[in-house]
Structure formats: C-alpha cells, structure tokens
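Each residue of the sequence shown is one higher than the last, beginning at 1 in UniProt numbering. No residue lacks a Cβ here, since even glycine has one placed at the ideal position from N, Cα and C. Structure, as structure tokens:
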Amino acid sequence: MTQNSEILCIGSVLWDIIGRSASAMRQGSDVPGRITRLPGGVAMNIAMTLVRFGMTPTLLTAIGRDPEGDELVNACSRLGMVTDHIYRSQDLPTDRYMAVEGANGLIAAIADAHSLEAAGAKILRPLMHGPLGYENTPFQGPIALDGNLTLTLLEEIAQSPAFARADLRVAPASPGKAERLLPFLKHARATLYVNLEEAGILCQREFKDSESAAKGLLDRGAVRVLVTDGGNSATVGSADKILTQTPPSVLVTRVTGAGDTFMAAHIASEANGASSDEALSRALHAAATYVSGETPL
C-alpha cells in the first residue's frame, strides 16, 4: 500500500456535543466548563486520524438532508475525506452524540445513532452495487468498521461476498455494543480493536490486563486482536505472536475519541509498512498525544 491508500470507513458520522470540566465530577455535579460541537462518531474519528497520517478515507454512513447534515458533509469534505458515497436521507435527521467529561474521565454519554441504524444496508450500496465494489468483484483494501451498525447488518457484512477480500478492522464503538462484534470473533480476515472491558464482554469473563485479554480472545477463535487498557498496557495478539507495550504517561484532558485515534494510527502505520512493534508504539503515542489535548502528529 502507498501512503494515499484508499480505505473505507463504515459507521457513525455525526455531531459530537461534548461538555468538559477541569473539576472531578459525580452524578448530580453542576460545574463550570466548556461545551463544544465538532464532527465525530467512530467512523469519523478514525477517518480524521487517517487523514492526518496521509491517507484518504472514503465514508460510508447515513447523514440527514437537514442543515446540520449539510454542514457535517461540508466539514468532512474540507477535512480531506471522500463524501460522494454517503447515504443522504430526506426522512432521517443527522445523528448526534452527547458526553460529559470531568477531570476523573467520562461521566456519562448518550449516542443518538438511530438514523444510521434505520438506514441499514442502504449505506453499503456503493460497496455491493458499485462503484466501490461488487459481490463478484469485491473491494480488496482496508475497511474500518464500527459497531454502531445493527447486529443484523454486522452479521450480513461478516457473511457477505462483497467483504470477502477486504482487510477488516473492527471496533465495537462502546462496551454497550461489544457483543455486536461476535459475528467477527472467528472471521478469517478481521482484526478486532477492543478495550479491556469489551474483551471481557466478548469472552464473558474478567481480565486483569491486556495480554490476558488478548489471549482470551484468541482462545475464543479470534485471528488477530488489539486490546487496550487506558493508560496501562496494550497488546496486539495473533496465533504466532503476542506483543505488549505500555503507553507514554500524559496528563489526560479528553477521552472521547482516544480509542478511535489509536485504531486509526495503527491502521495507517501498518499501511505504510511498519513492523508490529513499530505500529503498536506509534498508535500508543498518537492516542497519548490525543488525550493530552495536543494534535496526534
């Protein structure tokens, strides 16, 4: 692959509405802070990091034909993403995500991705019926796929001939949607990106660290996994190799999107020919820089 490799990002592209405070918070807290609205969603966060690493991602998602949707599509185009194949609905509003973060991390979040779920397989038409691919001539490049799609659609993707030659990189979007990755647990072309909690949900047990979680997923039939544990260790595992590293220690100023940044940086590093050790290291540094509030490159 070249630095400008084509990659598809399939999943949620929406508006992130994030409230952040420098104070530690608990249920019922009322504190000063800042509220921002930025393009977000798992697929979008991955795509933004891929652009910073020199790649040109193509978005497959659902965005409403409302003023918020027009603004969001224009923002994606300005950021360097291909938006020609986005499904634009007249009837469905543009999705949103709202989160509150304090000095002690994420306090609460609500993902309103109902339009993406309602659009279903319509977002995949360019991949199944052209011009990006067809069932008899499937897309052969990398695909970043997020778990905001419905379980039914994810099951269809796991079995579809249109994805049979793709390099699938799959993330659950949140622990609450981790079980949606089950169709890919034994998929021969899938790499799973999960955190410690999500690995535990998929394996129906608790793990003490990323290495034991990676081994647990491999024992369940996964071909390749990457498991993160916040500021603790991260592990990439496959049948022939287990590699664990510790991320740099930084002051955390934001958490929403950190996992997506890690995943995208890892994909881009491997696309550019990095070794397993180098790709994991670069991904951890990108995520650490992101949570510290700096630009990840």
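{"query": "F163 beta carbon less than 9 Å from that of L127", "result": "yes"}
{"query": "G120, DSSP secondary structure in three states", "result": "helix"}
{"query": "Distance, P67 Cα to P247 Cα", "result": "40 Å"}
{"query": "Own chain residues within Cβ distance below 8 Å of L185, not counting five before or after", "result": "L192, L202, L217, R220, G221, A222"}
{"query": "Own chain, CB closer than 8 Å to G147, minus 5 neighbours either side, in chain order", "result": "G11, V42, L154, V170, A171, P172, A173, S174, K177, A178, R180, L181"}
{"query": "Spatial distance of A199 from Q140 (CA atoms)", "result": "28 Å"}
{"query": "Unbroken stretches of the beta strand (DSSP E), 3 residues or longer, contained in the region 4–41", "result": "6–10, 14–20, 34–40"}
{"query": "R125, DSSP secondary structure in three states", "result": "helix"}
{"query": "Closest by C-alpha distance to A108, when choosing among A234, Y97, V51", "result": "Y97"}
{"query": "E278 classed as buried or exposed, judged by whether at least 16 other C-beta atoms fall within 10 angstroms", "result": "exposed"}
{"query": "Cβ separation of C9 and L59, assumed to be a contact under 8 Å, to the nearest whole Å", "result": "5 Å"}
{"query": "Span separating the alpha-carbon of Q245 from that of T49", "result": "21 Å"}
{"query": "Straight-line Cα distance separating R65 from D260", "result": "26 Å"}
{"query": "Three-state class that DSSP yields for L284 in the structure shown", "result": "helix"}
{"query": "Beta-carbon proximity of R205 to E101, cut-off 9 Å", "result": "no"}
{"query": "Where the alpha helix (DSSP H) containing I157 begins and where it ends", "result": "151–159"}
{"query": "L14 versus L92: straight-line alpha-carbon distance, rounded", "result": "13 Å"}
{"query": "For A171: DSSP bridge partner residues", "result": "D146"}
{"query": "Cut-off 6 Å between Cβ atoms - residues of its own chain near G69, not counting five sequence neighbours on either side", "result": "I63, T94"}
{"query": "Cutoff 7 Å; reference R20; Cβ partners in own chain excluding five residues on either side", "result": "G33, R34, E101, R254"}
{"query": "Among D209, A113, V252, S276, the one whose alpha carbon lies nearest that of G293", "result": "V252"}
{"query": "Residue of T152, E156, A188, I123 minimising C-alpha distance to L168", "result": "A188"}
{"query": "Assigned secondary structure, S238 (DSSP; H/G/I helix, E/B strand, else coil)", "result": "strand"}
{"query": "Complete alpha helix (DSSP H) runs within the region 206–266 (minimum length 4 residues, chain order)", "result": "210–219"}
{"query": "Anticipated Cβ contact below 8 Å, A103 with A24, distance rounded", "result": "5 Å"}
{"query": "Start-to-end residues for the alpha helix (DSSP H) that takes in R78", "result": "67–78"}
{"query": "Cβ-based burial, S77 [other Cβ within 10 Å; buried from 16]", "result": "exposed"}
{"query": "Presumed contact (8 Å Cβ cut-off) between V236 and V194, rounded CB distance", "result": "With a Cβ gap of about 12 Å, V236 and V194 do not count as contacting."}
{"query": "Nearest neighbour of S238, chosen from H129, R88, R224 [CA to CA]", "result": "R224"}
{"query": "For E278, three-class secondary structure by DSSP", "result": "helix"}
{"query": "Where P57 sits in the DSSP three-state scheme", "result": "strand"}
{"query": "Supposed contact pair V82 and T61 - C-beta distance, whole angstroms, cut 8 Å", "result": "At roughly 12 Å, the Cβ-Cβ gap does not stay under 8 Å, so T61 and V82 are not in contact."}
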